[in-house]
Amino acid sequence: MNITPEKRPTAGNVPMPAFFNPANAARWGYRPTMSQVFAEAQMLRKRMAQKPAAKDDKKVHLLLIDVQQDFCLKEGTLYVGGRSGMGAIEDSGRIAEFIYRELGALTKITVTMDTHLAYQIFSPSFWEKADGTPVEPHTVITAADLDKGTFRVSVQAASALGLNYVWLTKYVRHYTSELEKAGKYMLYIWPFHCLLGTDGHSLVGVVEEACMFHAFARGADFKPQVKGGHPLTENYSVLSPEVRIAHDGITPVGQQNVAFIKMLLEADRVIIAGQAASHCVKSTIDDLLSEIVAKDPALAKKVYVMRDCMSAVAVSDGKGSFYADFTQQAEEALTRFADAGMHVVTSTESTDTWKDF
């Protein structure tokens, strides 16, 4: 769908950029032409006398979680379609339009990038069944399964990671037990996704160009936060891994992202969107809320969660039902965040109408 300039929607009193086409939200491999994005941003900056973001009186930080092709497009290996099947695609379009509409209100945009390698604890390559056959994606592995010998660490994975097999076997028993004690997630084996260097790891183009347009138009920094590279822990939240210390009580397997936590807490307002509402978005907000509660619970009111710019993981079985559906968990989390004082909002409403904004 091409939009003519005459019919092009506007962002407040400013026309949407000529390059913006909402249909690109559904296009795998769509890549922005950065020279055009830069040129249009410079024209807007001069025409509208956009002040540099650094001079904003109110510092507003937009945090976009894992808006990558593997999550946001149907061709992706872990597409977050939600129950409708169109979830992340429609979310990406709304995120881009929100950035253009609220360009002058947004001081900084940060995207997180889920980043994985060949052998990680949540990958099929890491595990095998008792008979030596591979473990299929969407399998849940519990501590009890390990005790019974239903699943075991692949010798190949231990070798690839340069780890002692006995040590690693003890570690995964500890890891699954720690997850179960925390009560947030079980160990879930995901399809290979967001592998470093693959097309699926890339930002979805329609959001990337909006972020870059903001950077060029407002003179704003734009640096992704990379997460998920440690082979021995999941890292749903950009702020902290699921497990930080191995069974030996000595070996670290991850750490808090202290610098980024500080950055978010220092902002006057934090707006959050991205994928998936049931996992990486939820975990990031949970961790942020924990930091807020420890510092000052009243700070929760400066966080705005855009519910129409995120979807839950719902894996269709192709027969009208789902292998896995985390929609309820996502909805329960939104209720919990609102009860804590955060604002659950929609992107189509002006930020001027958001309470306390």
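Note that the sequence shown covers residues 156 to 512 in the numbering used here.
Just so it is clear, CB atoms sit at the ideal spot from N, CA and C, and this is done for glycine as well.
Through-space distance from residue j to residue i, alpha-carbon basis
| i | j | result |
| --- | --- | --- |
| Thr-297 | Ile-400 | 19 Å |
| Gly-383 | Asn-390 | 5 Å |
| Thr-490 | Asp-442 | 16 Å |
| Glu-291 | Trp-282 | 9 Å |
| Gly-317 | Pro-386 | 11 Å |
| Ala-313 | Phe-377 | 37 Å |
| Gly-184 | Arg-424 | 33 Å |
| Gly-287 | Gln-411 | 36 Å |
| Asp-225 | Glu-333 | 28 Å |
| Ala-299 | Pro-289 | 19 Å |
| Val-468 | Arg-202 | 42 Å |
| Ile-250 | Leu-419 | 19 Å |
| Gln-483 | Ser-239 | 14 Å |
| Met-156 | Ala-173 | Legend: pLDDT at Met-156 = 32, less than 50; position of this residue unreliable, no value from coordinates given. |
| Ser-280 | Thr-388 | 15 Å |
| Glu-335 | Phe-277 | 15 Å |
| Gly-475 | Ser-466 | 18 Å |
| Pro-164 | Gly-404 | With a pLDDT of 42 at Pro-164, under the threshold of 50, the modelled position of this residue cannot be trusted; read the value that follows with caution. The alpha-carbon atoms of Pro-164 and Gly-404 are separated by roughly 57 Å. |
| Gly-237 | Leu-228 | 12 Å |
Range covered by the beta strand (DSSP E) that runs through residue i
| i | result |
| --- | --- |
| Glu-283 | 282-284 |
| Tyr-459 | 458-461 |
| Phe-477 | 477-480 |
| Ala-312 | Not the beta strand (DSSP E): Ala-312 falls in the alpha helix (DSSP H), residues 310-316. |
| Ala-124 | The question about residue 124 has no answer here: the residues shown for the chain are numbered 156 through 512. |
Endpoints, the alpha helix (DSSP H) within which residue i is located
| i | result |
| --- | --- |
| His-369 | 360-373 |
| Asp-302 | 298-303 |
| His-348 | Segment: none, His-348 is in no alpha helix (DSSP H) and carries neither H nor E. |
| Ser-332 | 320-337 |
Beta-carbon separation (whole angstroms), residue i vs residue j, contact threshold 8 Å
| i | j | result |
| --- | --- | --- |
| Phe-432 | Ala-485 | Note that residue 432 is Ala in the sequence shown here, rather than Phe. Ala-432 to Ala-485, Cβ: 4 Å. Contact. |
| Val-525 | Tyr-320 | One cannot answer for residue 525 here, as it falls past the ends of the chain, which runs 156 to 512. |
| Gln-223 | Cys-349 | 6 Å |
| Pro-379 | Thr-267 | 7 Å |
| Leu-233 | Pro-346 | 6 Å |
| Arg-492 | Ile-440 | Arg is not the amino acid found at residue 492; the sequence shown has Phe there. The Cβ separation is near 6 Å, so the contact holds. |
| Val-308 | Thr-294 | The pair is not a contact, with the Cβ atoms about 14 Å apart (cut-off 8 Å). |
| Val-436 | Val-500 | About 14 Å separates the two Cβ atoms, so there is no contact after all. |
| Lys-329 | His-271 | Per the sequence shown, the amino acid found at residue 329 is His instead of Lys. Not confirmed; about 22 Å, so no contact. |
| Gly-360 | Asn-179 | 6 Å |
| Ala-260 | Thr-506 | 5 Å |
Tell me, please, whether the segment 255-262 touches the segment 287-303 by the rule of three or more beta-carbon pairs shorter than 8 Å.
No, the segment 255-262 is not in contact with the segment 287-303.
Which complete beta strand (DSSP E) runs does the segment 194-281 hold, if anything under 3 residues is left out?
Counting whole runs of 3 or more residues, the segment 194-281 contains the beta strand (DSSP E) stretches 215-220 and 263-269.
Decide if the segment 481-499 is in contact with the segment 442-460; the criterion is three or more beta carbon pairs, one per stretch, under 8 Å apart.
The segment 481-499 vs the segment 442-460: in contact.
Taking 8 Å as the cut-off, does the segment 212-232 touch the segment 330-344 (at least 3 CB pairs, one atom from each stretch)?
The segment 212-232 and the segment 330-344 do not touch, with fewer than three beta-carbon pairs separated by less than 8 Å.
Going residue by residue through the segment 380-437, where are the continuous alpha helix (DSSP H) segments of at least 4 residues, counting only ones entirely within it?
You should have 413-421.
Taking 8 Å as the cut-off, does the segment 228-245 touch the segment 190-210 (at least 3 CB pairs, one atom from each stretch)?
No, the segment 190-210 does not touch the segment 228-245.
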